[in-house]
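Since the structure comes first, as structure tokens, the remarks are kept for the end.
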Amino acid sequence: MLQKRVLTRRRSFLLGMGAFTVAGGLMHLHNRMQAIGIEQRNFTVMGDTLRDRHTPLRDRAAAKGLLYGATSSHLRLSSDKIFAAHFAQECAILVPEWELKWGTLRPSPDRFNFEPGDWLLKFARQHNMLFRGHTLVWHKNLPQWFTDKVDSRNAEQMLRQHIETVVKHYAGQVHSWDVVNEAVFPQDGRSDGLRQWPWLQFLGPDYIDLAFRTAAEADPKALLVYNDYGLDYDTWKDEAKRGAVLKLLERLKSRGTPIHAFGMQAHLRADETRFNAKKLKAFLRNIAELDLKILITELDVTDKKLPKDINVRDRLVAGMYEDYLSTVLDEPAVIAVLTWGLSDKYTWLAKEKPRKDRAPVRTLPLDARLSRKLAWNAIARAFDRAPKRDVQHRETA
Ligand code: XIL
183 MLQKRVLTRR RSFLLGMGAF TVAGGLMHLH NRMQAIGIEQ RNFTVMGDTL RDRHTPLRDR
243 AAAKGLLYGA TSSHLRLSSD KIFAAHFAQE CAILVPEWEL KWGTLRPSPD RFNFEPGDWL
303 LKFARQHNML FRGHTLVWHK NLPQWFTDKV DSRNAEQMLR QHIETVVKHY AGQVHSWDVV
363 NEAVFPQDGR SDGLRQWPWL QFLGPDYIDL AFRTAAEADP KALLVYNDYG LDYDTWKDEA
423 KRGAVLKLLE RLKSRGTPIH AFGMQAHLRA DETRFNAKKL KAFLRNIAEL DLKILITELD
483 VTDKKLPKDI NVRDRLVAGM YEDYLSTVLD EPAVIAVLTW GLSDKYTWLA KEKPRKDRAP
543 VRTLPLDARL SRKLAWNAIA RAFDRAPKRD VQHRETA
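Here my numbering is used: the sequence shown runs in plain steps of one and ends on residue 579.
If you want it as structure tokens, here you go:
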């Protein structure tokens, strides 16, 4: 009976794949599937009882001294009560998707709008979740007035004032702050690999140190993080970025900048064949040796280039979650895994990486009806298999 079911599953899987390879001609996907044995994986979540098998991600992570959480927004959590209940059930930490970015916080040069962020903090506390700060310094989501108002004369004061005001407002209540986000961009051609953008133009590379020092003074309790993307695969581009990020972290540590952790965004691609566990581990080890903790901060897996068949898509997406997490969780410095959203109902990838066939994307642990899918199993399995860490420092109750 079981054998028959497996065979049927295998047959329909191959059918879904076959239609795709003929139509799309993407043989490399076929290769990835064979290389990782995706057809054979069962993604079964272990547990003695039904209840054990249903244990939410936050508890599975906690059992290993890890934190699991996700991003969401005031808009979603306040209007969708069922989603909010699932969020509270699965997550031990909440990351505001928009509320703490300049675009929301700074409607005008002399105003701070803390309302949506405060609402989220309250929601987090009510549901026994930690709260994360994202993000103080980023080249995107800046308000319209930014280019008119910020110049080389007032840049230092503007940067300090923003960080001081925002970090003090939430002082003592934030688990960790992404102080600087995406400041490395080797394509801009600088020898230090830093991104060319207004803060760098006005203040030079020291703006990064300034941002961390200001944040540390405003909230000595928060874990201060440098966060970046594009570091996950064995490509020349990711390799160059890994090198530049490592150099930046080394520079910061050697001059005594108060930085405590590195945030690896991990926006992954299910069709990507160039996954190299050895290189990824070596990169994380290098960071850990700088005495930095590591957080996986924005994990999701795009299914943009996968066949339409949901069975095939879900397996490949789950396969990428499992490969990635089992690799990074082997590094003891990794203390948290945060997904960029919880359910396919609300994911930035619907707009950012829409599918050509317009089928709804399936990138997160829960589907659009809030049911757990194979991606959830993959994350649960990775937590269950992860080595146990010492309970984290700097937790805010
Ligand atoms: C994204 C949000 O999810 C989108 O809704 C928004 O329009 C753009 O920003 N890296 C980050 C996040 O650090 O802040 C981004 O969030 C996704 C990429």
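Think of the CB as a built atom: it goes at the ideal place given N, C-alpha and C, for glycine as much as any other residue.
| Query | Result |
| --- | --- |
| Ends of the alpha helix (DSSP H) at residue 436? | 418-436 |
| Using a Cβ-Cβ cut-off of 8 angstroms (strictly less than) and excluding sequence neighbours within five positions of residue 314, which residues of its own chain qualify? | 251, 275, 276, 277, 278, 356, 357, 358, 359, 360 and 520 |
| Just to check, is the beta-carbon of residue 411 closer than 8 angstroms to a non-hydrogen atom of the ligand XIL? | yes |
| At the level of alpha carbons, what is the spacing between residue 308 and residue 214? | 43 angstroms |
| Go ahead and pull the three-state DSSP assignment for residue 407. | strand |
| What's the gap between the Cα of residue 387 and the Cα of residue 518? | 29 angstroms |
| Among residues of its own chain, excluding the 5 on either side of residue 447, which ones have a beta-carbon nearer than 6 angstroms to its beta-carbon? | 411, 479 and 480 |
| Are the region 554-569 and the region 503-515 touching by the rule of at least three beta carbon pairs closer than 8 angstroms? | yes |
| What span of residues does the alpha helix (DSSP H) with residue 446 cover, start to end? | It is not in any alpha helix (DSSP H) - residue 446 instead sits in the beta strand (DSSP E) that spans 443-446. |
| Secondary structure at residue 515, three-state DSSP: helix, strand or coil? | coil |
| Excluding the 5 residues preceding and the 5 following residue 441 in the sequence, name in chain order all residues of the same chain whose CB lies nearer than 8 angstroms to its CB. | 361, 394, 406, 407, 408, 431, 434, 435 and 474 |
| Specify the secondary structure class of residue 221 as computed by DSSP and reduced to three states. | coil |
| Thinking residue 470 and residue 513 are a contact (beta carbons under 8 angstroms), I'd like their distance in whole angstroms, please. | 6 angstroms |
| Consider the C-beta atom of residue 587 and the heavy atoms of the ligand XIL; say whether any pair is separated by less than 8 angstroms. | Past the edges of the chain, shown from 183 to 579, lies residue 587, and the structure says nothing about it. |
| Hey, out of 300, 546 and 243, whose CA is closest to residue 571's CA? | 243 |
| What are the boundary residues of the alpha helix (DSSP H) that residue 506 is part of? | 492-510 |
| Whole angstroms are fine: how far does the CA of residue 248 sit from the CA of residue 568? | 9 angstroms |
| Select from 482, 268, 222 and 417 the residue whose C-alpha is nearest the C-alpha of residue 503. | 482 |
| Are there three or more Cβ pairs, one per stretch, closer than 8 angstroms when the region 210-229 is compared with the region 488-498? | yes |
| Can you tell me whether residue 207 is buried or exposed? The criterion is at least 16 other CB atoms within 10 Å of its CB, across all chains shown. | Residue placement at residue 207 is poorly supported in this model, since its pLDDT is 47, which falls under 50; the coordinates are not used for a value here. |
| Three or more C-beta pairs closer than 8 angstroms, one from the region 319-327 and one from the region 285-294: is that the case here? | yes |
| Compare the beta carbon distance of residue 392 and residue 385 with 9 angstroms and say whether it is the shorter of the two. | yes |
| Exposed or buried, which one is residue 559 when buried takes at least 16 other CB atoms within 10 Å? | buried |
| Measure the alpha-carbon distance for residue 554 versus residue 371 and round it to whole angstroms. | 44 angstroms |
| Once DSSP output is grouped into helix, strand and coil, what is the label at residue 334? | coil |
| Quick one, are the C-beta atoms of residue 303 and residue 352 less than 9 angstroms apart? | yes |
| On the criterion of 16 or more Cβ atoms from any shown chain inside 10 Å, does residue 526 qualify as buried, or is it exposed? | buried |
| Can you determine whether any heavy atom of the ligand XIL sits closer than 8 angstroms to the C-beta of residue 363, and answer yes or no? | yes |
| Can you tell me whether residue 558 is helix, strand or coil according to DSSP? | helix |
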